[in-house]
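Undergrad: After the C-alpha cells below, expect a handful of questions from me.
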Amino acid sequence: MKLAVIGGGAAGFFLAIHAKDLMPDLEVVIFEQQHKVLSKVKISGGGRCNCTNTFADVTDLKQVYPRGANLLKRLFKQFGPQDAYRWFESHGVPLVVQEDQCVFPAAQDSQAVISCFLREAERYGVQLRLGTKVGNPESLFPEYDFVAVTIGGTPKGEGCVPSLFTFSIDDPSLTSLMGTVVEDAMVSIPGTKFRTRGPLLVTHWGMSGPAILKLSSHAARHLAECHYQSPLLVNWAGESNAETVHAYMEDLIRQNAQKFVDNVRPYHLQARLWLYLLGKVGMQGRRCGELGKKNLNRLVELLTNDTYRITGRGQYKDEFVTCGGISLDCVDKLTLESKSIPNLFYAGEVLDIDGVTGGFNFQAAWTTAYAVAKGIEKKVMQH
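Just so we're aligned, residue 33 is where the sequence shown starts under my numbering, counting upward by one.
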C-alpha cells in the first residue's frame with residue numbers, strides 16, 4: 033500500500049516518519065513543490081526552532097489556539113506536548129526549556145530538528161520528490177491508497193488570512209522609541225472582546241512583542257475585515273482595575289510632590305517612553321504637587337487607555353502563520369480524514385488551526401500529523 037504526503041514541511045515529515053514507524057510495509061512518498069524541504073523549520077524561532085511548549089502556563093487551550101482548541105484538546109490525548117518532548121529527546125534532539133516555557137533544541141539551532149527528520153526519513157526509506165507540484169490531491173488516487181495534505185498555511189488560500197503579525201503605527205514620535213520594551217502591557221481592540229497581555233516592544237514601524245502577536249492571532253479575521261485599519265488600546269500599567277492605578281498614581285504623586293513629573297516613572301516605564309506619554313497630554317516639565325485631580329485623572333487614563341491607530345500589518349520575522357484553511361467540520365475529529373473524500377487526510381496548518389507564538393503551532397503540526405498516521409494505520413488494519 034502507498035501513501036502520498038503533499039508538502040515537505042514539519043507536519044509532512046512528522047507524518048511520514050510516524051506512518052512508516054507504525055506501518056513498515058507502507059510505501060511513503062513526500063511531494064514538495066520547492067527544491068528544498070523544511071525551509072520554514074529552518075527559520076523558525078530566529079533559526080533556533082521553538083519546537084513545542086511545556087503548556088505549564090496554559091489553563092485553557094483557547095488562550096493559545098484562537099482556532100482549533102477543542103479539536104486539539106481531544107487529539108492531545110493521543111499525542112500531546114509531553115509526547116513530543118519525549119519523541120525529540122529519544123530521537124537524538126536534546127531539548128531545553130526556557131523560563132517562558134518555550135522548548136528549544138539544546139543546540140539552539142533548528143538544524144538539529146531538520147537533521148533528525150532527514151535522518152529518520154532516510155532510515156525508514158521515505159521517498160522525496162522535490163520540485164513536484166501536486167495541483168489536485170485527488171489526482172494521486174488510485175496510484176496511491178492514501179493521500180495526506182500537509183502544505184501548510186498559504187495567505188492566498190481560500191478563506192485564509194495572515195495570523196501572527198506585528199502592527200504598523202504611523203506615529204514618528206512613537207517609532208523613534210524603537211527598542212523600548214514594556215514587560216507587562218495589556219492591549220485590546222475597542223468594541224471587541226479581543227484583548228491580550230504580555231511584553232510589548234516598540235519597533236521602528238510600530239509595535240511588536242508577545243502581547244501584540246497574541247492579539248494579532250486572536251483578532252486575525254477581524255483585522256483582515258478591517259483591512260488592518262483599526263484603533264488599538266494600550267494599557268501601559270498592565271493593571272486592569274483603573275481604580276487601583278488611580279490609587280497608585282495618587283500615592284506616587286503625593287510622595288514626590290516637589291519632583292518634576294518627568295522624573296517620576298510609574299510602573300518602571302522606561303524614561304523615554306514616559307516622556308513621550310507625558311508629551312501626548314502636555315504635562316512635561318511640571319511638578320507633581322501642581323498637577324491636581326483633573327491632571328491625575330488624565331494620567332490614569334493615559335496609563336490604562338492609551339489610544340493608537342493600526343495602519344497596517346508587518347510580517348513576524350520571516351515566518352508567517354495563517355488563520356483559515358480546511359474547515360474542521362469537514363474532517364473526522366479523530367483521524368482528520370476528509371468526510372467527503374475517503375482516504376484523503378489533512379495535517380498541520382492547512383487545517384483551520386493556528387496558535388499564538390511560543391511553540392504552539394509546531395505542537396499542532398506534530399499532534400495532527402500523528403493523528404493522521406494513526407488514522408491511516410486504522411484503515412490499513414481494516415483492509
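Just so it is clear, CB atoms sit at the ideal spot from N, CA and C, and this is done for glycine as well. Note that the structure is a prediction, hence the values are computed from the model and not measured.
Looking at residue 85: is its Cβ nearer than 8 Å to the Cβ of residue 148?
TA: no
Undergrad: Go to residue 216, then tell me how far its beta strand (DSSP E) extends in each direction, as first and last residue.
TA: 213–220
Undergrad: Taking just the CA atoms, how far does residue 230 sit from residue 242?
TA: Approximately 6 Å, taken between the alpha carbons.
Undergrad: Following the continuous alpha helix (DSSP H) through residue 244, name the residue where it begins and the one where it ends.
TA: 242–250
Undergrad: Once the 5 residues before and after residue 138 are set aside, which same chain residues still bring their CB inside 7 Å of it?
TA: 126, 127 and 128
Undergrad: Can you list, in chain order, the residues of its chain with a C-beta nearer than 6 Å to that of residue 343? Leave out the 5 residues immediately preceding and following it.
TA: 200 and 202
Undergrad: Tell me the rounded alpha-carbon separation between residue 255 and residue 232.
TA: 19 Å
Undergrad: For residue 326 and residue 278, I'd like the C-alpha separation in whole angstroms.
TA: 12 Å
Undergrad: Taking 8 Å as the limit between beta carbons, can you name the residues of its chain near residue 35, skipping five residues before and five after?
TA: 48, 51, 58, 59, 60, 61, 176, 177, 178, 179, 180 and 408
Undergrad: Is the beta carbon of residue 316 less than 8 Å from the beta carbon of residue 323?
TA: For residue 316 and residue 323, no; Cβs fall outside 8 Å.
Undergrad: So, residue 87 versus residue 113, is the Cβ gap smaller than 8 Å?
TA: Yes, they are a contact pair.
Undergrad: Taking the Cβ atom as the reference point for each residue, do residue 345 and residue 260 lie within a distance shorter than 8 Å?
TA: In this structure, residue 345 places its C-beta atom within 8 Å of the C-beta atom of residue 260.
Undergrad: In chain order, what residues of the same chain lie with their CB nearer than 7 Å to the CB of residue 167, ignoring the 5 residues before and after it?
TA: none
Undergrad: In angstroms, rounded to a whole number, what distance separates the CA positions of residue 382 and residue 43?
TA: Straight across, the Cα-Cα distance linking residue 382 with residue 43 is about 10 Å.
Undergrad: Just how far apart, CA to CA, sit residue 211 and residue 307?
TA: Going by the C-alpha atoms only, they are around 15 Å apart.
Undergrad: By how many angstroms is the C-alpha of residue 403 removed from the C-alpha of residue 165?
TA: In a straight line, the C-alpha of residue 165 is about 25 Å away from that of residue 403.
Undergrad: List the residues that DSSP assigns as beta-bridge partners of residue 262.
TA: 342
Undergrad: Which of helix, strand or coil does DSSP assign to residue 165?
TA: Reduced to three states, the DSSP call for residue 165 is coil.
Undergrad: Just the C-alpha distance for residue 386 and residue 102, rounded to the nearest angstrom, thanks.
TA: 12 Å
Undergrad: Nearest-angstrom Cα distance between residue 106 and residue 366?
TA: 8 Å
Undergrad: Write down every uninterrupted run of the beta strand (DSSP E) in the stretch 42–86 whose length is 3 residues or greater and which is fully enclosed by it, in chain order.
TA: 59–64
Undergrad: Could you check what DSSP says for residue 396 in three-state terms: helix, strand or coil?
TA: helix
Undergrad: Run the CB neighbour count on residue 283, radius 10 Å, all protein chains shown included, and call it buried at 16 or more, exposed below.
TA: exposed
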